[in-house]
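Notes follow the structure.
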Amino acid sequence: MKEITFRDVLDAKRSGDISLLSEVSLNRVYQHVKDSPDKGLTLMTAWRKEMSRKEKIAANKRLMQDIRSAGLGAFNLAGYYWECQDPNIDAEDCPQDKKERVRERVYGIVGATRQQTLKWIKRYKQDSAVYLGPETKGKAVLLFQSGKEMNIGEFNPGKIGDNFSKIHGSTFVFEGFEYLAQSIAERLIEDGMGVIFSTK
Numbered sequence: 011m012k013e014i015t016f017r018d019v020l021d022a023k024r025s026g027d028i029s030l031l032s033e034v035s036l037n038r039v040y041q042h043v044k045d046s047p048d049k050g051l052t053l054m055t056a057w058r059k060e061m062s063r064k065e066k067i068a069a070n071k072r073l074m075q076d077i078r079s080a081g082l083g084a085f086n087l088a089g090y091y092w093e094c095q096d097p098n099i100d101a102e103d104c105p106q107d108k109k110e111r112v113r114e115r116v117y118g119i120v121g122a123t124r125q126q127t128l129k130w131i132k133r134y135k136q137d138s139a140v141y142l143g144p145e146t147k148g149k150a151v152l153l154f155q156s157g158k159e160m161n162i163g164e165f166n167p168g169k170i171g172d173n174f175s176k177i178h179g180s181t182f183v184f185e186g187f188e189y190l191a192q193s194i195a196e197r198l199i200e201d202g203m204g205v206i207f208s209t210k
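Read the sequence shown against my numbering and you will find it ends at 210, with the numbers running on by one and no gaps.
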């Protein structure tokens, strides 16, 4: 696989193709750990559905503080979902006028251990997180609060997306990830090029 650059991410954003953007975004994060079998990668958020916007932002700030306190770094991603506004209707049966697009901040945490990931899942009351580490032998797993795992298989953007849908329950349909500008330089490039992601 060729190295994914920020320019590739911008081109995918410009295309409006959520599948392409998701694949490029996750591969951009994955390339930071794929050649280091001793490094872990965790995809998770501190958001919960019942939180207000202010509470979600505060929870993710606390998670980022925990990540930094552990001496780790994280990539900022946005996860996109369609949510059915009627909790009694599953996402696949939801009429178009009841669907709402949801954007969620997700962190791609590089170097996190299984133990650290499990601690954060419990602390932030998450059902699970996607984890890839030395113990998983190159495979991605859903790691649950109980410590149990569900094997996802090879790191694959499509499979990861399917499992993010499961994390959020039957009223959600996961669309994909967007790799967000990580530095001031990347933000300036993005702003200068006028690249805004919107699906066709």
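Every residue gets a Cβ at the ideal spot worked out from N, C-alpha and C, and that includes glycine. Note that the structure is predicted; figures quoted are calculated from it, not measured.
At which residues does the beta strand (DSSP E) containing residue i begin and terminate?
i: V120; result: 109-120
i: I159; result: Here residue 159 turns out to be Glu, not Ile, going by the sequence shown. Note, E159: beta strand (DSSP E), 159-164.
i: A22; result: Not the beta strand (DSSP E): A22 falls in the alpha helix (DSSP H), residues 16-25.
i: A150; result: 149-154
i: M54; result: 51-54
In terms of residue numbering, what span does the alpha helix (DSSP H) encompassing residue i cover?
i: T127; result: 124-133
i: V39; result: 28-40
Does the beta-carbon of residue i have 16 or more other beta-carbons within 10 angstroms, so that it is buried, or is it exposed?
i: N37; result: buried
i: Q106; result: exposed
i: F207; result: With a pLDDT of 47 at F207, under the threshold of 50, the modelled position of that residue is not reliable, and the figure given next carries that caveat. Answer is buried; the Cβ neighbour count reaches 16.
i: V19; result: buried
i: T15; result: exposed
i: Q155; result: exposed
i: S138; result: buried
i: G143; result: buried
i: A150; result: buried
i: E110; result: exposed
i: A84; result: buried
i: K147; result: exposed
i: E33; result: buried
i: E93; result: buried
i: G157; result: exposed
i: T181; result: Because T181 sits at a pLDDT of 48, beneath the cut-off of 50, its placement in the model cannot be relied upon, and the point is left open.
i: G118; result: buried
i: Q41; result: exposed
i: Q75; result: exposed
i: K9; result: For residue 9 there is no data in the structure shown, the boundaries of the chain being 11 and 210.
i: Q136; result: buried
i: R17; result: exposed
i: E13; result: exposed
Hey, residue i and residue j are a contact pair by Cβ (cut 8 Å); roughly how many whole angstroms apart?
i: A56; j: L73; result: 4 Å
i: F165; j: V116; result: 15 Å between Cβ atoms; not a contact.
i: M61; j: I131; result: Actually they are not in contact, since the Cβ atoms of M61 and I131 sit about 16 Å apart, beyond 8 Å.
i: L152; j: E159; result: 7 Å
i: A69; j: Y141; result: The pair is not a contact, with the Cβ atoms about 19 Å apart (cut-off 8 Å).
i: Q126; j: A88; result: About 23 Å separates the two Cβ atoms, so there is no contact after all.
Identify every residue that forms a DSSP beta bridge with residue i.
i: L82; result: According to DSSP, which records beta bridges pairwise, L82 is partnered with nothing at all.
i: S138; result: F154
i: G89; result: E114, F187
i: C94; result: K109
(Q) For the structure I just gave you, are there three or more beta carbon pairs, one from the region 116-134 and one from the region 36-50, closer than 8 Å? (A) yes
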